[in-house]
Amino acid sequence: MRTPAPDSRPVALTIAGSDSGGGAGIQADLATMAAHGVFGTSAITAVTAQNTRGVESSHVLPTEEIDAQIEAVTGDFAIGAAKTGMLATTPVIETVADYAREFEFPLLVDPVMVATSGDRLLEPEAERAYEDLLGEARLATPNADEAEVLTGIEVTDDESAIAAGKAILETGVDAALVKGGHVPGETVRDTLVTADGVRTFEHPRVGTEATHGSGCTLGSAIAARLATGEPLETAVEGATQFLARAVRYYYDVGEGHGAVNHMVPLRNEASRELTAEEVQAVVDRFVDADVSALVPEVGMNVAGATPYAESVAETAAVEGRITRTLSGVQPNRGVRFGASSHVARFLLAAREFFPELRFAVNCRFDDDVEDALEALEWPVAEYDRDEQPDEVAATEGSTMGWGARQAFTDRDDAPVAVVDRGEIGKEPLVKLVASDPETLAERALALESEVDR
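For what it's worth, the numbering used here labels the leading residue of the sequence shown as 1, then goes sequentially.
Now the structure itself:
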């Protein structure tokens with residue numbers, strides 16, 4: 001008999017409806033809590049028959065069954081935080097409000113009142129009942145439409161979001177996060193209003209309609225973080241970042257718009273070791289083949305991004321680069337995350353246009369390399385740093401983003417190589433890109449072989 005090794009986890013509770021399609025409701029909440037290392041418990045308020053195309057039917061559970069679930073969970077588990085989702089009717093909202101008065105843990109209320117279509121989901125009496133529930137909550141997370149229902153203030157910008165948030169505080173809730181996903185614009189801005197002030201969290205809008213369940217996911221991410229003991233503002237910041245990535249790398253499932261990817265951070269973290277090994281394997285092939293003919297004066301580097309990388313810290317590269325020596329090319333040091341600045345920033349910028357790209361290498365560029373690229377007949381893009389605006393050149397790190405826009409905009413397929421013709425005092429380079437390490441290595445070796453002919 002083996003000795004058990006129990007895993008103790010913080011516990012969170014979700015009181016919400018079931019989504020048979022898995023993208024929202026209880027299913028989204030529990031997946032999100034698991035992704036944050038939190039044990040999720042639930043009290044189901046309603047059962048819906050739905051999928052990625054829409055809701056086909058729904059059934060609200062009797063309040064006695066909701067009572068029994070909340071009693072069972074709170075009577076056994078040390079709940080660290082709870083959140084509500086679809087409560088559906090006035091009796092259900094009132095039932096949850098009665099329990100909330102006795103909760104000794106923070107409660108987040110997501111006032112589900114308005115469908116994505118703009119239709120009101122609740123009768124006026126139920127909307128009024130939400131005010132009593134909010135009075136017992138640590139945080140309310142209405143979207144713009146729900147904030148308008150609660151306050152009568154149409155949320156269209158920062159000023160109106162702040163006004164709505166302050167009005168919601170009058171219900172007695174400690175804080176209000178007015179979500180900006182329904183407000184048009186290139187940037188999504190979520191506004192946190194507390195008695196101590198206002199903070200706005202923003203990120204670029206993702207061009208997808210696969211946002212079903214995004215509100216549930218954000219709320220359960222905040223609740224999970226609160227359950228681990230994070231302060232409210234820190235929990236909101238981390239949860240908004242979590243959601244932005246979950247929406248960008250959504251699940252392509254079903255015949256509708258897909259579903260928010262609640263497992264992105266777990267899968268991204270799990271891929272780190274493999275990504276580093278893949279970069280090392282490419283470096284080893286370059287050393288074995290002695291690609292000296294491709295190494296620029298500034299040195300060569302190979303960068304590999306995790307599948308859901310959003311920052312330089314999530315790209316692996318050679319620390320100190322690869323340089324020419326008397327005995328061939330050699331890496332200065334080993335592979336680690338965050339080791340590259342130039343190639344990693346370029347790769348991340350390229351992924352904004354072609355997210356499937358995960359690997360890149362910078363190589364020497366001169367007439368011989370240009371002739372070799374033409375002989376290989378690869379699709380090649382280029383940019384000239386002499387043409388970049390002064391404000392781009394003056395901002396550290398922005399050249400890579402500008403260059404990627406010149407190279408990748410309005411292309412149906414990613415190029416194999418991107419030529420950076422440099423500028424005065426800057427060496428011209430060519431960067432090879434690929435979606436997998438084997439293809440990157442083969443492309444570099446093919447280019448080196450053509451240059452050596």
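C-beta: ideal position from N, C-alpha, C; glycine also.
Bear in mind the structure is a predicted one, so any value in this text is a computation, not a measurement.
- When only Cα atoms are considered, Leu133 and Gln27 end up about 23 Å apart.
- For Asn362, the three-state secondary structure derived from DSSP is strand.
- About 16 Å separates the Cβ atoms of Glu136 and Ala195, ruling out a contact at the 8 Å cut-off.
- Counting along the chain, Asp190 sits inside the beta strand (DSSP E) bounded by residues 187–194.
- When secondary structure is reduced to three states using DSSP, Val302 falls in the strand class.
- Judged by their CB atoms, Asp384 and Val329 are not nearer to each other than the 7 Å cut-off.
- Fully enclosed alpha helix (DSSP H) runs of no fewer than 4 residues occupy 25–35 of the region 14–40, in order along the chain.
- By alpha-carbon distance to Gly25, the top candidate from Phe39, Ala5, Thr48, Ala35 is Thr48.
- Between Ala88 and Val149, the alpha-carbon positions lie close to 15 Å from each other.
- The C-alpha of Ser220 is placed about 16 Å away from the C-alpha of Arg9.
- Sequence-distant partners of Ala140 (beyond 5 residues in either direction) whose C-beta falls short of 6 Å from its own C-beta, in its chain, are Val109, Leu134, Ile168, Val173, Ala176.
- When C-alpha distances from Ile70 are compared across Thr52, Arg53, Thr90, Ala97, the shortest belongs to Ala97.
- Counted as a single uninterrupted DSSP element, the alpha helix (DSSP H) harbouring Ser214 occupies residues 214–227.
- Going by C-alpha positions, Lys426 is about 10 Å away from Asp386.
- The C-beta separation of Ile162 from Thr191 comes to about 6 Å, placing the pair in contact by the 8 Å criterion.
- Around Gly299, the same chain offers Arg321, Ile322, Thr323 as residues with beta carbons nearer than 7 Å, after the five sequence neighbours per side are excluded.
- Put simply, of Tyr249, Cys216, Ala259 the residue whose alpha carbon is nearest the alpha carbon of Ala239 is Cys216.
- Annotation for His342: the continuous alpha helix (DSSP H) segment containing it runs 342–351.
- Going by C-alpha positions, Ile15 is about 19 Å away from Arg128.
- Taken atom to atom, the span from the alpha-carbon of Ala381 to that of Val418 is near 5 Å.
- Counting other Cβ atoms within 10 Å of its Cβ, Thr409 stays below 16 and is therefore classed as exposed.
- For Ile322, the enclosing beta strand (DSSP E) has its first and last residue at 322–325.
- Pairing Val260 with Val247 gives a Cβ-Cβ distance under 7 Å.
- Secondary structure note for Leu373: its alpha helix (DSSP H) is the uninterrupted segment 367–376.
- Judged by DSSP secondary structure, Asp158 falls within the alpha helix (DSSP H) whose first and last residues are 158–169.
- Exclusion of the five residues before and after Ala281 leaves Pro437 as the residues of its chain whose Cβ lies within less than 7 Å of its Cβ.
- Contact check for Leu226 and Gly37: beta-carbon distance about 13 Å, past the 8 Å limit, so the pair fails to qualify.
- Under the DSSP assignment, Phe242 falls in the alpha helix (DSSP H) whose first and last residues are 232–248.
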